[in-house]
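A quick write-up on the structure given underneath.
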């Protein structure tokens, strides 16, 4: 990997990346974690899907995937890995809770697995990815989305919530860790 050592090199790199994404029809690398999704698709052997509310990636055999990214949080003073969390924000709000649950369930269940990747920003690398089954993601996120739905006083009417490795472990949820 080429090290960027100046502001001018960073500008050139960013503009080159923007140009490449445009040429390949990949959307804006700086919106909606698109750059992270690109890296995840590449490393996890998926093809990046177009922007627009569907799956983030699809493999050659047609398997789809949802990608989430977060920054490496480091270790505690006792040397244990800190918890990492991923956002499931920006989900459309529906008129009734029943309709909300139906649409949210469809969104989560669309992809059999969700891939939650931890990135080390300082070192510029992927650390690991948690491969989590859709039913387990649903068990973690729905109550948060439901609470968000009831809180309709937010400026942004969309619903959201986060999930974490602490919750995975506290609830004894099975998941696969892919080390990079």
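Numbering (our numbering), first residue to last: 1 to 180.
For each residue, glycine too, the CB sits at the ideal point set by N, CA and C.
As the structure is a computational prediction, the values presented were derived from the model and not from experiment.
Candidates the options: closest to residue i by CA position
i, options, result
"residue 71", "143, 114, 86, 80", "86"
"residue 171", "112, 116, 136, 144", "136"
"residue 173", "179, 163, 180", "163"
"residue 88", "2, 78, 148", "148"
"residue 183", "126, 160, 145, 161", "A question about residue 183 goes unanswered here, because the residues of the chain that appear run from 1 up to 180."
"residue 155", "77, 34, 90, 57", "90"
"residue 180", "119, 113, 150, 26", "119"
"residue 92", "145, 50, 75", "145"
"residue 53", "75, 27, 78", "27"
C-alpha distance - residue i paired with residue j, whole-angstrom precision
i, j, result
"residue 15", "residue 124", "18 Å"
"residue 41", "residue 65", "9 Å"
"residue 106", "residue 5", "45 Å"
"residue 20", "residue 9", "16 Å"
"residue 39", "residue 111", "18 Å"
"residue 167", "residue 44", "24 Å"
"residue 153", "residue 100", "17 Å"
"residue 73", "residue 84", "7 Å"
"residue 48", "residue 134", "19 Å"
"residue 175", "residue 131", "6 Å"
"residue 94", "residue 82", "35 Å"
"residue 46", "residue 29", "17 Å"
"residue 141", "residue 159", "11 Å"
"residue 116", "residue 55", "14 Å"
"residue 121", "residue 63", "29 Å"
"residue 161", "residue 98", "18 Å"
"residue 157", "residue 151", "9 Å"
"residue 24", "residue 78", "46 Å"
"residue 114", "residue 138", "10 Å"
Sheet register partners of residue i (DSSP bridge)
i, result
"residue 126", "119"
"residue 145", "BP columns for residue 145 are empty, so no partner."
"residue 114", "66, 132"
"residue 75", "81"
"residue 176", "131"
"residue 86", "163"
Cβ neighbour criterion (16 or more within 10 Å) applied to residue i
i, result
"residue 178", "exposed"
"residue 69", "buried"
"residue 60", "exposed"
"residue 3", "exposed"
"residue 11", "exposed"
"residue 129", "buried"
"residue 57", "buried"
"residue 32", "exposed"
Beta carbon proximity, residue i to chain D, threshold 8 Å
i, result
"residue 149", "No chain D appears in the structure shown, which is made up of a single protein chain."
Could you give the uninterrupted runs of the alpha helix (DSSP H) lying entirely in the segment 10–73, keeping only those of 4 residues or more? Runs found: 34–43.
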